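Single-structure report; data block below.
Here you go:
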């Protein structure tokens, strides 16, 4: 649908919301079930328009081409639908939060369901910040380093506790990095060559965002050595991450820069936006861990990608079924 359609709809229906539904397969009757739940809880809700953004058939028709591409350039094998609905004024309060709760059941755990005001989706966004580990790439780099150093189990335990928000990120980070002391820096290149893999649709998403004139930033609690590699491959504009201290070709178990923690990520979002003359209402943030929550909450649109439950609860939207290319549907850039 063209922008004129959306502009007219927003003018005629100021309380119009976009419901986006993505699934590898919509089981028989599930859409009717969703409609019934909406009707029961919001009897005044009106369906204005609906259309299909992508279907599994689209993916299958391009199967050969898709499979020959690196995973980062592939698109997700899903069907994505969008319903445009008019929400009564009395139902607007906590509408998004209430929908998340209504569909947070086992019956719908194979479907991504997002609700966003049409005027928010159609608003121009100019800046997007991405977490790196378990977001743009599938691994936690510090865990891969720990495996090479023979301290994998110790670091894995600390990492998981930190990402769940159970222990202080800074303290856990210092402990984890200290365990890497003495590791040969040649291991860093080995990890890039042998262990790192990009998330499904990562490059496809970044390419589309660049076409839409987004300024793309990688902000990571990981390390610049890997973040710069990810930046160069994906075509990201700039990077903020931790700098490993290296002496005589080995890691010292320390970093040379302030820790990029949750507060720092939010600060970076503010600083980059100010430098570029971009309002915070024109920003997007995407991540998976507890240390991403501050920037997810600060941005106009905060998206949790295959994230821990605590992060999904705090973010505006949660993507669990699609790859990173699913972000395009949330931002109104799919199709």
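Residue numbers (our numbering): 456 to 790. In this text, a Cβ means the ideal position worked out from N, Cα and C, and glycines have one as well. All values reported here derive from a predicted model rather than from experimental measurement.
For this session: Give the secondary structure of residue 481 by DSSP, where H, G and I count as helix, E and B as strand, and everything else as coil.
Result: The three-state secondary structure of residue 481, taken from DSSP, is coil.
For this session: Going by CA-CA distance only, name the one from 536, 625, 494, 477 that's closest to residue 709.
Result: Residue nearest to residue 709 within the set 536, 625, 494, 477 is 625 (criterion: CA-CA distance).
For this session: Taking 8 angstroms as the threshold, find out whether the region 777-787 comes into contact with the region 474-486 through three or more Cβ pairs.
Result: Contact holds: three or more Cβ-Cβ distances are below 8 angstroms.
Exercise. Looking only at DSSP bridge pairs, what is residue 539 linked to?
Worked result: DSSP output for residue 539 lists 473, 504 as bridge partner(s).
Problem set entry | Contact under 7 angstroms by Cβ, residue 541 with residue 470 | In this structure, residue 470 lies closer than 7 angstroms to residue 541 by Cβ.
Problem set entry | Proximal residues to residue 667 (C-beta, below 7 angstroms), its chain only, five neighbours per side dropped | So the qualifying residues of the chain are 788.
For this session: Locate the alpha helix (DSSP H) running through residue 750, then write down its first and last residues.
Result: 748-753 is the span of the alpha helix (DSSP H), which, as asked, contains residue 750.
Problem set entry | Option nearest residue 720 by Cα separation, candidates 467, 736, 680, 672 | Of 467, 736, 680, 672, the residue nearest in Cα terms is 672.
Exercise. Do three or more CB pairs link the region 742-752 to the region 573-581 at distances below 8 angstroms?
Worked result: The region 742-752 is not in contact with the region 573-581.
Exercise. Would you report the Cα separation of residue 793 and residue 751, rounded to the nearest angstrom?
Worked result: Given that the chain is displayed from residue 456 to residue 790, the structure contains no residue 793 and the question cannot be resolved.
Problem set entry | Any beta strand (DSSP E) of 3 or more consecutive residues that is wholly inside the region 529-606 | Qualifying beta strand (DSSP E) stretches, in chain order: 534-541, 567-572, 582-585.
Exercise. Using the C-alpha atoms, what's the distance from residue 679 back to residue 714?
Worked result: Cα-Cα distance, rounded: 12 angstroms.
For this session: State the beta-bridge partners of residue 702 as determined by DSSP.
Result: BP columns for residue 702 point to 705.
For this session: Pick out the complete alpha helix (DSSP H) segments inside the region 656-707, 4 residues or longer, and give them in chain order.
Result: Those alpha helix (DSSP H) runs which fall completely within the region 656-707 and span 4+ residues are 657-666, 679-689.
Exercise. Taking the C-alpha atoms as reference points, what is the distance between residue 749 and residue 482?
Worked result: Distance between residue 749 and residue 482, taken at the CA atoms: about 36 angstroms.
Problem set entry | Limits of the beta strand (DSSP E) - the one that residue 757 falls within | Start and end: 756-760.
Exercise. Cα separation between residue 706 and residue 570?
Worked result: Their backbone Cα atoms lie some 46 angstroms apart in a straight line.
Problem set entry | Cβ neighbour criterion (16 or more within 10 Å) applied to residue 639 | Result: exposed.
Problem set entry | Own chain partners of residue 592 with C-beta closer than 7 angstroms, once the 5 adjacent residues on each side are dropped | Only 651, 652, 653, 654, 685 meet the Cβ criterion.
Problem set entry | Backbone secondary structure at residue 739 - three-state DSSP | Secondary structure of residue 739 (DSSP, three-state): strand.
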